[in-house]
Every structure is written in C-alpha cells, then in structure tokens.
Amino acid sequence: MDKEKLKKLRRSDFFKAVFLIIFVFVTGWVIFGFTRVYGSAMKPAACDGDILMYYRLHTEYKAGDMVVYQADGLLHIGRIAAVPEETVQITEEGELVINGYTQADTEVFYEKGPANGTEEQSLGKGEYYILADDPSSTEDSRSYGPILRKQIKGIVVTLIRRRNL
Numbered sequence: 001m002d003k004e005k006l007k008k009l010r011r012s013d014f015f016k017a018v019f020l021i022i023f024v025f026v027t028g029w030v031i032f033g034f035t036r037v038y039g040s041a042m043k044p045a046a047c048d049g050d051i052l053m054y055y056r057l058h059t060e061y062k063a064g065d066m067v068v069y070q071a072d073g074l075l076h077i078g079r080i081a082a083v084p085e086e087t088v089q090i091t092e093e094g095e096l097v098i099n100g101y102t103q104a105d106t107e108v109f110y111e112k113g114p115a116n117g118t119e120e121q122s123l124g125k126g127e128y129y130i131l132a133d134d135p136s137s138t139e140d141s142r143s144y145g146p147i148l149r150k151q152i153k154g155i156v157v158t159l160i161r162r163r164n165l
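Positions 1 to 165 (the UniProt record's numbering) are the ones given, in order, by the sequence shown.
And the structure:
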C-alpha cells in the first residue's frame, strides 16, 4: 500500500471512532440514564448497590411503572401508584385506596407519611403518586406529596445486580 492510501484509511478509521464515541455518548447519557440504588426502598425488586438504567424520553407513565424521579435534590426510585386526575388515600389501617377502591395487595400495609396523613388526595394534571416497594420506607409521595411529571427522569428499563459480588 502506498502512503496516501494508508493516510486515507487512518483518517477514515479516526472519523469512525469519533462517530462511535459521539453515538455512545448520545445514546448512553442523553437517551438513557444510569443511577445506583441506595437503601432498601425498592426491596425486593432493587436492592442497595444495584445499578438501574432508565429511558429518559418516555412520555406516557401508568400505574405499576418503576421510575426514577427527583425530590429534595436527590434521585429516588419508586413505583407509580396513581396517575394524574386520580384520587389516592392511605387509610388508618395502612391500606392503599385509589379512586375509592382498596388495592388488592393485602400483604402490604403502608405507614402514613407526614405529607398526606390519611386524607384523600386528588392528583392534578401532571401529578403522580409514587410509592416505594418497601412499605416501611417513606421516601416517596407519602413524604414528598405528589410528584410532578417534570420531576420524573425516566422509566426503569433494566437492572444490573451488583450486590454480593
């Protein structure tokens, strides 16, 4: 090979590498986000030390979705219990009531949080009620109140187990 062809080949490889780096950055940090799980709020689904990948461009959330959201300047992980324009209440007995119907999971009893007590809350447009999977944890809407749509950073798409390694 002559020197000119070798230079073109190297230049082509350089541009491919730069494109690949930019592509990985855009998909890995703009479209997707990563966070580490701290504590046991989402136990057993996600435990301390696990890594979550979440999709930032998701627009439609429904009850049951595991999401990453921001409250008090920190990222939290929770499961959507109620969506905009629904009503939610945690009774004195610790039962979750959505739109007047007690939820069927009779094994889970929630502690009342300081934000809602036992009063029924009506969610407005763009407001979500997010609960931790571990009912003893109150780092969720029981403490923070309804979570606004703009506070939700994305929906969890995968979990990487790092604990006990």
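Positions of the beta carbon are idealized from the N, C-alpha and C atoms, including for glycine.
Cut-off 6 Å between Cβ atoms - residues of its own chain near residue i, not counting five sequence neighbours on either side
{"i": "E95", "result": "T102"}
{"i": "Q152", "result": "Checking the displayed sequence, the identity of residue 152 turns out to be Ile instead of Gln. Result list for I152: V67 and Y69, in chain order."}
{"i": "M53", "result": "F32, F34, V157 and T158"}
{"i": "D65", "result": "I80 and I155"}
{"i": "D2", "result": "none"}
Backbone CA spacing between residue i and residue j [nearest angstrom]
{"i": "I77", "j": "V24", "result": "25 Å"}
{"i": "I22", "j": "V30", "result": "11 Å"}
{"i": "R36", "j": "Y144", "result": "21 Å"}
{"i": "T59", "j": "R79", "result": "16 Å"}
{"i": "F19", "j": "G100", "result": "54 Å"}
{"i": "T87", "j": "I51", "result": "32 Å"}
{"i": "F14", "j": "D72", "result": "43 Å"}
{"i": "V97", "j": "Y110", "result": "11 Å"}
{"i": "R142", "j": "I160", "result": "28 Å"}
{"i": "K62", "j": "L74", "result": "23 Å"}
{"i": "K43", "j": "A17", "result": "40 Å"}
Contacting residues, own chain, Cβ-Cβ under 7 Å from residue i (five flanking each side not counted)
{"i": "G126", "result": "P84, L148 and R149"}
{"i": "A46", "result": "V37, L52, I77 and L159"}
Best match in the options for proximity to residue i [C-alpha to C-alpha]
{"i": "A104", "options": "R56, E120, I160 and A81", "result": "A81"}
{"i": "P135", "options": "K62, E93 and V26", "result": "E93"}
{"i": "S40", "options": "S141, S137, Q121 and R161", "result": "S137"}
{"i": "G154", "options": "D2, I51, Y55 and D13", "result": "Y55"}
{"i": "T27", "options": "Q89, L57, I160 and P44", "result": "L57"}
Residue i: first and last residue of the uninterrupted alpha helix (DSSP H) it sits in
{"i": "R142", "result": "S141 to Y144"}
Segment limits, beta strand (DSSP E) that includes residue i
{"i": "L159", "result": "I152 to I160"}
{"i": "D67", "result": "One point to set straight first is that residue 67 is Val, not Asp, in the sequence displayed. Counting along the chain, the beta strand (DSSP E) containing V67 begins and ends at M66 to A71."}
{"i": "residue 166", "result": "Outside the shown range of the chain, which is 1 to 165, sits residue 166, and nothing can be said about it."}
{"i": "R36", "result": "F32 to R36"}
{"i": "T91", "result": "Counting along the chain, T91 falls outside any beta strand (DSSP E), and DSSP gives it neither H nor E."}
8 Å Cβ shell around residue i - same chain, five flanking residues per side excluded
{"i": "P146", "result": "Q121, L123, G124, E127, Y128 and Y129"}
{"i": "D140", "result": "A41, H76, G78, G113, I130, L131 and A132"}
Residue-chain proximity (residue i, chain D), Cβ-Cβ < 8 Å
{"i": "I77", "result": "No chain D is part of this structure, which consists of one protein chain only."}
Residue i: CB within 7 Å of a non-hydrogen atom of the ligand ATP
{"i": "I21", "result": "Questions concerning the ligand ATP fall outside what the structure shown contains, since it holds no ligand whatsoever."}
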